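Working notes for the structure below.
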Amino acid sequence: DVTLDPSTAHPRLCLSLDRRSVRLSERRPEPADGARQPQQPQQPQQHQHQQRPDGTGGSSGDLCVLGSPGFTAGRHYWEVEVGGRRGWAVGAARESARGRPQGAHTGPAPPPRREIWALGTSGKKYQALTATEQTALAPAEQPRRFGVYLDYERGQLCFYNAESMSHIHTFHICCCRQRVFP
Numbered sequence: 001d002v003t004l005d006p007s008t009a010h011p012r013l014c015l016s017l018d019r020r021s022v023r024l025s026e027r028r029p030e031p032a033d034g035a036r037q038p039q040q041p042q043q044p045q046q047h048q049h050q051q052r053p054d055g056t057g058g059s060s061g062d063l064c065v066l067g068s069p070g071f072t073a074g075r076h077y078w079e080v081e082v083g084g085r086r087g088w089a090v091g092a093a094r095e096s097a098r099g100r101p102q103g104a105h106t107g108p109a110p111p112p113r114r115e116i117w118a119l120g121t122s123g124k125k126y127q128a129l130t131a132t133e134q135t136a137l138a139p140a141e142q143p144r145r146f147g148v149y150l151d152y153e154r155g156q157l158c159f160y161n162a163e164s165m166s167h168i169h170t171f172h173i174c175c176c177r178q179r180v181f182p
């Protein structure tokens with residue numbers, strides 16, 4: 001049973017109260033200098049902005065949120081429904097992707113490599129995405145619900161159309177004894 005971890009949510013993402021859905025907020029986060037912008041009347045909503053205790057509201061500049069729990073062994077399957085007209089991405093990330101707030105890395109060694117594997121859209125084009133690569137995909141169908149299957153020991157992350165169970169893409173991943181988060 002996967003839920004979204006508010007401590008990893010980008011400030012522009014609003015999580016549902018049950019932590020099972022997320023949407024992009026039209027509202028920008030407040031500036032770091034504390035200057036407040038005029039308040040807009042608030043509408044009742046099922047989603048709320050998430051802030052980390054340090055006020056950063058996410059682990060990187062990416063518009064993302066990680067799921068919980070993270071996996072260190074075994075086979076796991078979860079489904080994700082996507083909607084809306086904007087681009088989206090669904091996938092998994094190695095624990096090192098949780099990272100630190102931007103600019104927090106110090107020292108002569110390069111920052112830890114962010115391992116992210118996702119299926120997403122840009123406009124109407126489907127792509128397989130990693131932190132460093134984008135591969136165009138042409139699925140036979142354009143599903144709204146995706147099945148994601150992680151086989152930790154085999155190092156495979158597979159994506160399916162959850163309605164027809166047709167295979168879309170497989171990443172061969174190195175879990176490197178780190179937790180992998182939805």
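Its first residue numbered 1, the sequence shown is counted upward by one per residue in full-length UniProt numbering.
Glycine is no exception: its CB is placed at the ideal position from the N, C-alpha and C atoms.
Small disclaimer: the values here were computed from a predicted structure and weren't measured.
Give me the residue from L63, Y126, G74 and V82 with the minimum Cα distance to S21.
Selected option, being the one with the closest Cα: V82.
Under the three-state DSSP convention, the category S7 falls into
In the structure shown, the three-state DSSP call for S7 is helix.
Cβ distance (whole Å) where L119 is taken to contact H169 below 8 Å
Rounded, the Cβ-Cβ distance is 6 Å, consistent with contact.
Unbroken beta strand (DSSP E) runs of length 3 or more, entirely within the segment 114 to 141: which are they?
The segment 114 to 141 contains these whole beta strand (DSSP E) runs: 116 to 122, 125 to 130 and 134 to 137.
Using 10 angstroms around the beta-carbon of D1, count the other beta-carbons present and answer buried if the total reaches 16, otherwise exposed.
With a threshold of 16 other beta carbon atoms within 10 Å, D1 falls short and is exposed.
For the beta strand (DSSP E) that contains Y77, what are its first and last residues?
Where Y77 is concerned, the enclosing beta strand (DSSP E) stretches over R75 to E81.
For G155 versus E79, is the C-beta distance shorter than 8 Å?
In this structure, the beta-carbon distance from G155 to E79 does not fall below 8 Å.
Which residue wins for smallest C-alpha separation from C176, given the options V65, E26, F71 and L4?
Measuring from the Cα of C176, the nearest candidate turns out to be F71.
Between the Cα of L157 and those of L129, D5, S25 and A136, spot the shortest distance and give me the residue it belongs to.
Nearest to L157 by alpha-carbon distance, out of L129, D5, S25 and A136, is L129.
Just mark R75 as buried or exposed, buried being the case when its beta carbon has 16 or more other beta carbons within 10 Å.
With fewer than 16 other Cβ atoms inside 10 Å of its own Cβ, R75 counts as exposed.
Kindly indicate which three-state DSSP category S166 falls into: helix, strand or coil?
Of the three classes helix, strand and coil, the one that applies to S166 here is coil, per DSSP.
Is Y77 buried or exposed, if buried means 16 or more other CB atoms sit within 10 Å of its CB?
With fewer than 16 other beta carbons inside 10 angstroms of its own, Y77 counts as exposed.
Length of the line joining the Cα atoms of C64 and S166:
Taking the straight line from one Cα to the other gives about 26 Å.
On the three-state DSSP scale, how would you describe S96?
S96 falls in the helix class under three-state DSSP.
Would you decide whether D5 is buried or exposed? Buried here means 16 or more other CB atoms lie within 10 Å of its CB.
Counting every other CB atom within 10 Å of its CB across the protein chains shown gives D5 a total of 16 or more, marking it as buried.
What's the C-alpha gap between I116 and E26?
Straight-line measurement puts the Cα of E26 at about 25 Å from the Cα of I116.
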